């Protein structure tokens, strides 16, 4: 499985040292502190949107980040669909209830990770009752690197700039 991640240029070569990352130390949207979670996307466009949550200047992203392309073995993913989504999943504060839902699957040996909607996309699209519309928003894959083993993941390449220079013309 090919997955994409916007990653700071300084960390491309050390991506596998996930226990030093902020998401491991402090937790993130779908994981609590101490729960291994690598946040990736199924396409480069969504990885670009996700980094915009943290750095709102595309020019700054282009200076500091790269799009990394990873090859994962076949993944056993659990999709967090509408009935499981906590009502506050979309909150910018990264609610504890959302972390608990993610933790329950990330710590479950039956799964390698979870497939989740992006908060960068309009909430009404992400929760649309028509499956084909909603599916397009489920582009984020959060992977437990302990379950897979970092030795089974290959960094294929990384690319810069993240955003095309056409955006700045």
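Numbering (the numbering used here), first residue to last: 25 to 193.
Using N, Cα and C, we set each Cβ at its ideal position, and we do this for glycine too.
As the structure is a prediction and not an experimental result, all values here were calculated from the model.
- Following the DSSP letters along the chain, one finds residue 95 in no alpha helix (DSSP H) but inside the beta strand (DSSP E) bounded by residues 89-95.
- The beta carbon of residue 163 is closer than 7 Å to those of 65, 66, 67, 70, 142 in its chain, skipping five residues each way along the sequence.
- The beta-carbon separation of residue 118 and residue 76, rounded to 16 Å, does not stay under the 8 Å limit for a contact.
- Here residue 179 is bridged, per DSSP, to 94.
- Inter-segment contact for the stretch 105-114 and the stretch 85-93 is absent: fewer than three beta-carbon pairs are separated by less than 8 Å.
- DSSP places residue 112 outside any alpha helix (DSSP H), giving it a letter other than H or E.
- In this structure residue 138 touches residue 126 by the C-beta definition: roughly 6 Å separates them, less than 8 Å.
- When rounded, the separation of the alpha-carbon atoms in residue 122 and residue 153 is 21 Å.
- Excluding five sequence positions before and after residue 25, the CB atoms of its chain that fall closer than 7 Å to its own CB belong to 96, 98, 99, given in chain order.
- Only residues of its own chain outside the window of five on either side were considered, and among them 88, 89 have a CB closer than 7 Å to the CB of residue 32, listed in chain order.
- For residue 72, the closest alpha carbon among the candidates 61, 86, 174 is that of 86.
- Judged by beta-carbon spacing, residue 166 lies beyond the 8 Å limit of residue 39, meaning their Cβ atoms are not closer than that value.
- For residue 103, the enclosing beta strand (DSSP E) stretches over residues 101-103.
- Boundaries of the alpha helix (DSSP H) around residue 46: 46-50.
- About 14 Å separates the beta carbons of residue 57 and residue 168, which is beyond the 8 Å limit, so they are not a contact pair.
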